[in-house]
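Trainee: For reference, the structure I am asking about is given below.
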Amino acid sequence: MTSCTRDVLQTTVREVAAIGRDAWRLTVALPAPLATPLAGGHFFMLRTAGADFPFLNRPFSAHAAGPDGRGPELVFLFKTVGRGTGCLARLRVGEAVTAIGPLGQPFPDPRPGETTVLVAGGVGLPPLHLWLERRRQRRLGGAALLLYGARSHDQLLELASAQALGVEVRTSTDDGSHGLHGRVDRLLEGTLAGIAGPVRILTCGPDPMMAAVTRVAATRGVPCLVSLETVMACGFGVCNACAVPIADGDGRLARYVRACIEGPVMDGKPVLWQHATH
Amino acid sequence: MEMLRTEVGGLALATPLLSASGTFGHEDEMAEWIDLREPGAVVLKTVTFHPRRGNPPPRIVEVSGGILNSIGLPNEGIDHLIAVTLPRMRGRTRALVVNVAGERVDEFGRIGEKLAAALRANPGDFQAVELNLSCPNVESGFPFAKSPELAARCVRLCRDHLSVPLLAKLSPSVADIAEIALACKEGGADGLTLSNTALGLALDWRTGRPRLGAGHGGFSGPALKPLAMYLVFTAFRKTGMPIVAAGGAETAEDVMEFLAAGARAVQIGTATFRSPRVMRAIEQRLPELLAQAGVADVAAQIGRAHPPAAGAKA
Ligand SMILES: Cc1cc2nc3c(=O)[nH]c(=O)nc-3n(C[C@H](O)[C@H](O)[C@H](O)COP(=O)(O)OP(=O)(O)OC[C@H]3O[C@@H](n4cnc5c(N)ncnc54)[C@H](O)[C@@H]3O)c2cc1C
Ligand SMILES: Cc1cc2nc3c(=O)[nH]c(=O)nc-3n(C[C@H](O)[C@H](O)[C@H](O)COP(=O)(O)O)c2cc1C
Ligand code: FES
Numbered sequence: 001m002t003s004c005t006r007d008v009l010q011t012t013v014r015e016v017a018a019i020g021r022d023a024w025r026l027t028v029a030l031p032a033p034l035a036t037p038l039a040g041g042h043f044f045m046l047r048t049a050g051a052d053f054p055f056l057n058r059p060f061s062a063h064a065a066g067p068d069g070r071g072p073e074l075v076f077l078f079k080t081v082g083r084g085t086g087c088l089a090r091l092r093v094g095e096a097v098t099a100i101g102p103l104g105q106p107f108p109d110p111r112p113g114e115t116t117v118l119v120a121g122g123v124g125l126p127p128l129h130l131w132l133e134r135r136r137q138r139r140l141g142g143a144a145l146l147l148y149g150a151r152s153h154d155q156l157l158e159l160a161s162a163q164a165l166g167v168e169v170r171t172s173t174d175d176g177s178h179g180l181h182g183r184v185d186r187l188l189e190g191t192l193a194g195i196a197g198p199v200r201i202l203t204c205g206p207d208p209m210m211a212a213v214t215r216v217a218a219t220r221g222v223p224c225l226v227s228l229e230t231v232m233a234c235g236f237g238v239c240n241a242c243a244v245p246i247a248d249g250d251g252r253l254a255r256y257v258r259a260c261i262e263g264p265v266m267d268g269k270p271v272l273w274q275h276a277t278h
Numbered sequence: 001m002e003m004l005r006t007e008v009g010g011l012a013l014a015t016p017l018l019s020a021s022g023t024f025g026h027e028d029e030m031a032e033w034i035d036l037r038e039p040g041a042v043v044l045k046t047v048t049f050h051p052r053r054g055n056p057p058p059r060i061v062e063v064s065g066g067i068l069n070s071i072g073l074p075n076e077g078i079d080h081l082i083a084v085t086l087p088r089m090r091g092r093t094r095a096l097v098v099n100v101a102g103e104r105v106d107e108f109g110r111i112g113e114k115l116a117a118a119l120r121a122n123p124g125d126f127q128a129v130e131l132n133l134s135c136p137n138v139e140s141g142f143p144f145a146k147s148p149e150l151a152a153r154c155v156r157l158c159r160d161h162l163s164v165p166l167l168a169k170l171s172p173s174v175a176d177i178a179e180i181a182l183a184c185k186e187g188g189a190d191g192l193t194l195s196n197t198a199l200g201l202a203l204d205w206r207t208g209r210p211r212l213g214a215g216h217g218g219f220s221g222p223a224l225k226p227l228a229m230y231l232v233f234t235a236f237r238k239t240g241m242p243i244v245a246a247g248g249a250e251t252a253e254d255v256m257e258f259l260a261a262g263a264r265a266v267q268i269g270t271a272t273f274r275s276p277r278v279m280r281a282i283e284q285r286l287p288e289l290l291a292q293a294g295v296a297d298v299a300a301q302i303g304r305a306h307p308p309a310a311g312a313k314a
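Note that the protein sequences, when read in sequence, are chains U and V.
If you use our numbering, the first sequence closes out at 278, no skipped numbers anywhere.
If you use our numbering, the second sequence closes out at 314, no skipped numbers anywhere.
As structure tokens, then:
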């Protein structure tokens, strides 16, 4: 049977659905199943096939990847923030989308005896959603719960889908329209206080939110992996656009690493968030 | 394929397609996507004497017709290239071109010395050296490629140590490309790479701040092609030096156009970001385009835009 390895894949749009204000769910069909199952944090560089505009491909984390993580359909969630995402939102069923991937280092699977606390901010849900999907499909051990924060309830994208993945979901909104009234790092503080035994945090969302989550984790001495959304040009390690500033022991800039091949999932602790502007 | 063979300044190439420095990784990153023996030569990312961290992000922004970058030459330095990269690349390319830059004039000589020693220890580890003269000179803050005297000195210092083909890669952001090119020839360059990125700027109109972390940057991509075409055409006519083109090439048609202007080979840069196998697609189409143009081979396409007497038709 033929299958797709990491490749330049020609996919076909199955659905583009509006799922909230400026938010979309894109479902594409793969030409063949993926050779290796996806894990949460794997991403693809997407573009409308053959289009000259926008110029570069855009990175998106896989949100769902079929019953065994290999397709035949891939789901992405995205917000329209500019030209590239605007083009994706205007795609029609049957159009071709080039997807380069799967790319990057994903989140690790859960460890037995450890509680994984997933912290999603807004459109940062996809890698954590896929992690939960994989955990359920493979019946991986270990307790897990999802903390999901957004500005307002209508930006808690695909909440029902997240709630169907077999773990408790706690929400927070900045305006108090759903769940805890406040930011998700406060929700995290409260949650961590109630968990006994080893914990690991996996998070994805806007940089300031991941910075806050990393601080909470560090205060409590809990390991915290983040999935970074830096600006990328290639996605496969050859351009050096996706530089993530890494601190030395004294909190000073030591070096940059490439988010696309050394990440996007990496230890959040040494990331110098104030330098990671994009 | 015999018809695709070419040669530039003593560097024999099985195809006229080269990767452009800084768009193909530091070492073998592209091996996941293509056979590293597909390009006529692989040109590595610029290596400086000392390691460099590179510039603060954002390092690339998209603009009309291409991208602006201020990557800032992050690299592990010349000793790492020799100790780690060259052994890792050994035997994996059809030809390997090392791209180097000094941050001070004297470093071009020190780099040349180290490369010469590396070749004595392992002959055949690389087939040519490309000097990135667009690197800013920390002594003056001024790129070497803007001054004929400085450019000539950098080339000379390296040349004194090296006998492999030496290509001088120039900046397009200069008043008279031929003057710089001839200075490089004086310094001992065997050929030119035309060109590096063009100086550019993009601002966030809301804040008035640059969109790139380092301020201004270098422009590359399709909109650079007419500019690079003009440089190739002019330098061919005025200097007759062997030329490798670089600037916005994405298709086999673009490559044919650069060859006609006088380039003996063409680098593919930014296009790789959009499509990691773009070079393969170009190579597959070249024979058909040669036939359409009514020429037997790449050699016959080179310099077709010029009258028979012009340029170096070696
Ligand atoms: C590994 C990875 C996974 C990602 N997964 C998702 C995902 O699942 N869903 C999703 O909606 N987005 C995701 N992103 C972010 C997404 O790639 C950007 O939103 C997109 O590239 C913007 O393209 P654009 O052309 O619409 O915006 P542009 O026109 O390029 O920019 C418009 C505005 O958005 C800002 N912007 C550009 N790129 C980013 C970025 N990477 N992060 C934040 N702001 C940015 C710009 O600064 C500018 O202000 C991911 C990024 C990475 C690196
Ligand atoms: C992201 C990026 C990094 C680059 N890094 C280097 C470099 O390290 N050394 C160098 O000589 N040229 C570098 N260049 C310039 C390219 O090699 C090439 O000369 C230029 O981009 C024009 O070709 P293109 O339009 O095909 O990309 C870089 C270009 C880009 C886009
Ligand atoms: S996006 Fe090009 S190196 Fe990471």
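For every residue, glycine included, the Cβ atom is placed at its ideal position computed from N, Cα and C.
Closer than 6 Å: is that where the CB of A246/V sits relative to any heavy atom of ligand 2?
Mentor: On the second sequence, position 246 is the one that residue 246/V refers to. Yes - ligand 2 has a heavy atom lying nearer than 6 Å to the Cβ of A246/V.
Trainee: Going by alpha carbons, who is nearest to K114/V out of T48/V, M279/V, A223/V?
Mentor: Sequence index remark: in the second sequence, residue 114/V carries index 114 (1-based). Minimum Cα distance to K114/V is reached at T48/V.
Trainee: Check whether the Cβ of N75/V sits closer than 6 Å to any heavy atom of ligand 3, and report yes or no.
Mentor: Sequence index remark: in the second sequence, residue 75/V carries index 75 (1-based). Flag unset: Cβ of N75/V not near ligand 3.
Trainee: What does E29/V touch in chain U if you count any residue whose Cβ is under 8 Å from its own?
Mentor: For the purposes of this step, residue 29/V is identified with residue 29 of the second sequence, where counting begins at 1. Within 8 Å Cβ-Cβ: F236, G237, V238, I261.
Trainee: Alpha carbon to alpha carbon, what distance is there between G190/U and P106/U?
Mentor: Working through the first sequence from its first residue, we reach residue 106/U at position 106. Working through the first sequence from its first residue, we reach residue 190/U at position 190. For P106/U and G190/U, the distance between alpha carbons rounds to 27 Å.
Trainee: Return the first residue and the last residue of the alpha helix (DSSP H) that F43/U is part of.
Mentor: The residue given as residue 43/U occupies position 43 in the first sequence. No alpha helix (DSSP H) contains F43/U, which is instead part of the beta strand (DSSP E) from 43 to 48.
Trainee: For R277/V, tell me which candidate among A152/V, R5/V, L11/V, T23/V has the shortest Cα-Cα distance.
Mentor: By one-based count along the second sequence, residue 277/V stands at place 277. Taking only the C-alpha atoms, the option nearest R277/V is T23/V.
Trainee: Have a look at I78/V and A101/V and give me their C-alpha separation to the nearest angstrom.
Mentor: For the purposes of this step, residue 78/V is taken as residue 78 along the second sequence, with counting starting at 1. For the purposes of this step, residue 101/V is taken as residue 101 along the second sequence, with counting starting at 1. If you take the alpha carbons of I78/V and A101/V, they lie about 10 Å apart.
Trainee: I want to check one thing, is the minimum distance from the CB of N240/U to the heavy atoms of ligand 3 below 6 Å?
Mentor: Your numbering for residue 240/U matches position 240 in the first sequence. Yes.
Trainee: Output, in chain order, the set of chain V residues within a Cβ distance shorter than 8 Å of Y148/U.
Mentor: Here residue 148/U refers to the residue found at position 148 when the first sequence is read from its first residue. Within chain V, no residue comes near Y148/U; the closest Cβ sits about 28 Å away, beyond 8 Å.
Trainee: Alpha carbon to alpha carbon, how far is H80/V from R52/V?
Mentor: What you label residue 80/V is simply residue 80 of the second sequence in a count that begins at 1. What you label residue 52/V is simply residue 52 of the second sequence in a count that begins at 1. C-alpha separation (whole angstroms): 12 Å.
Trainee: Would the C-beta of R88/V count as close to ligand 3, meaning under 6 Å from any of its heavy atoms?
Mentor: Against the second sequence, residue 88/V aligns to sequence position 88. Outside the cutoff, so no.
Trainee: Please give the ranges of any beta strand (DSSP E) in the segment 216 to 271 of chain U, keeping only runs that are unbroken, at least 3 residues long and fully inside the region.
Mentor: Runs found: 224 to 227, 243 to 247, 253 to 258, 265 to 267.
Trainee: Per DSSP, E15/U forms a beta bridge with which residues?
Mentor: Translated into positions along the first sequence, residue 15/U becomes position 15. Answer is T27/U.
Trainee: For the beta strand (DSSP E) containing T6/V, list its first residue and its last residue.
Mentor: Looking up residue 6/V in the second sequence gives position 6. Segment 6 to 8, the beta strand (DSSP E) holding T6/V.
Trainee: Buried or exposed, going by whether 16 or more other CB atoms sit within 10 Å of the CB of T272/V?
Mentor: Locating residue 272/V in the second sequence gives position 272, where the first residue counts as 1. Classification of T272/V: buried, given that the 10 Å Cβ count is 16 or more.
Trainee: Starting from the C-beta of A233/U, find all residues in its chain whose C-beta is less than 7 Å away, skip the five residues before and the five after it, and write them out in chain order.
Mentor: For the purposes of this step, residue 233/U is identified with residue 233 of the first sequence, where counting begins at 1. L56, C239, A241, listed in sequence order.
Trainee: Report the residues of the segment 39 to 63 of chain U with a CB closer than 7 Å to any CB of chain V, ordered along the chain.
Mentor: Listed by position along the chain: P54, F55, L56, N57.
Trainee: Measure the Cβ-Cβ separation of S177/U and H153/U and say whether it is below 7 Å.
Mentor: The residue labelled residue 177/U in the question sits at position 177 within the first sequence. The residue labelled residue 153/U in the question sits at position 153 within the first sequence. Yes, these two residues count as a Cβ contact at 7 Å.
Trainee: For A246/V versus Q267/V, is the C-beta distance shorter than 7 Å?
Mentor: Here residue 246/V refers to the residue found at position 246 of the second sequence. Here residue 267/V refers to the residue found at position 267 of the second sequence. Yes, they are a contact pair.
Trainee: Following a CB-centred definition, is S61/U positioned closer than 6 Å to any heavy atom of ligand 2?
Mentor: Taking the first residue of the first sequence as position 1, residue 61/U is located at position 61. Because no heavy atom of ligand 2 lies under 6 Å away, the Cβ of S61/U does not count as near it: no.
Trainee: Taking just the CA atoms, how far does V244/U sit from Q274/U?
Mentor: Residue numbering aside, residue 274/U sits at position 274 when the first sequence is read from its first letter. Residue numbering aside, residue 244/U sits at position 244 when the first sequence is read from its first letter. The alpha-carbon atoms of Q274/U and V244/U are separated by roughly 11 Å.
Trainee: Under DSSP, the beta strand (DSSP E) around V278/V begins and ends at which residues?
Mentor: Stepping through the second sequence from its first residue, residue 278/V is reached at position 278. No beta strand (DSSP E) holds V278/V; the alpha helix (DSSP H) holding it covers 278 to 293.
Trainee: So with CB distances below 8 Å, who are the chain U contacts of G221/V?
Mentor: Against the second sequence, residue 221/V aligns to sequence position 221. Result: F55.
Trainee: Using a Cβ-Cβ distance under 7 Å, would R5/V count as near chain U?
Mentor: Residue 5/V sits at position 5 when you count from the first residue of the second sequence. No, no contact with chain U.
Trainee: Please return the same chain residues whose Cβ sits closer than 8 Å to the Cβ of T93/V, not counting the five positions on each side in sequence.
Mentor: As a first step, residue 93/V must be located in the second sequence, where it is residue number 93. If we look at T93/V and ignore the five residues flanking it on each side, its Cβ neighbours are L36, R37, P39, A41, V42.
Trainee: Check whether the segment 184 to 204 of chain U touches the segment 116 to 134 of chain U, taking contact to mean three or more Cβ pairs, one atom from each stretch, closer than 8 Å.
Mentor: These segments touch.
Trainee: Is the CB of V97/U under 7 Å away from at least one CB in chain V?
Mentor: Locating residue 97/U in the first sequence gives position 97, counting from the first residue. No, V97/U does not count as interfacial toward chain V.
Trainee: Just curious, the alpha helix (DSSP H) that A118/V is in, first and last residue?
Mentor: Looking up residue 118/V in the second sequence gives position 118. Residues 105 to 121.
Trainee: Can you give me the Cβ contacts of A261/V inside the same chain, cut-off strictly under 7 Å, excluding the 5 residues immediately before and after it?
Mentor: Position 261 of the second sequence, counted from the start, is the residue given in the question as residue 261/V. Taken in chain order, the residues that qualify are M229, V232, F233, F236, A305.
Trainee: Give the range of the beta strand (DSSP E) segment to which A167/V is assigned.
Mentor: Residue mapping note: residue 167/V aligns to position 167 of the second sequence, counting from 1. First, the residue type needs correcting, since residue 167/V is Leu and not Ala in the sequence shown. From DSSP, the beta strand (DSSP E) with L167/V extends over 166 to 170.
Trainee: Are the Cβ atoms of T197/V and F219/V separated by less than 7 Å?
Mentor: Position 197 of the second sequence holds residue 197/V. Position 219 of the second sequence holds residue 219/V. Contact: yes.
Trainee: Going by CA-CA distance only, name the one from G194/U, V184/U, V8/U, G197/U that's closest to D207/U.
Mentor: Sequence index remark: in the first sequence, residue 207/U carries index 207 (1-based). Checked all of G194/U, V184/U, V8/U, G197/U; the closest Cα to D207/U is V184/U.
Trainee: Could you check what DSSP says for D7/U in three-state terms: helix, strand or coil?
Mentor: Counted from its first residue, the first sequence places residue 7/U at position 7. Reduced to three states, the DSSP call for D7/U is strand.
Trainee: Looking only at its own chain, which residues have a Cβ that is under 6 Å from the Cβ of A212/U, when we skip the five neighbours before and after it?
Mentor: By one-based count along the first sequence, residue 212/U stands at place 212. Cβ neighbours of A212/U beyond the five flanking positions: D185.
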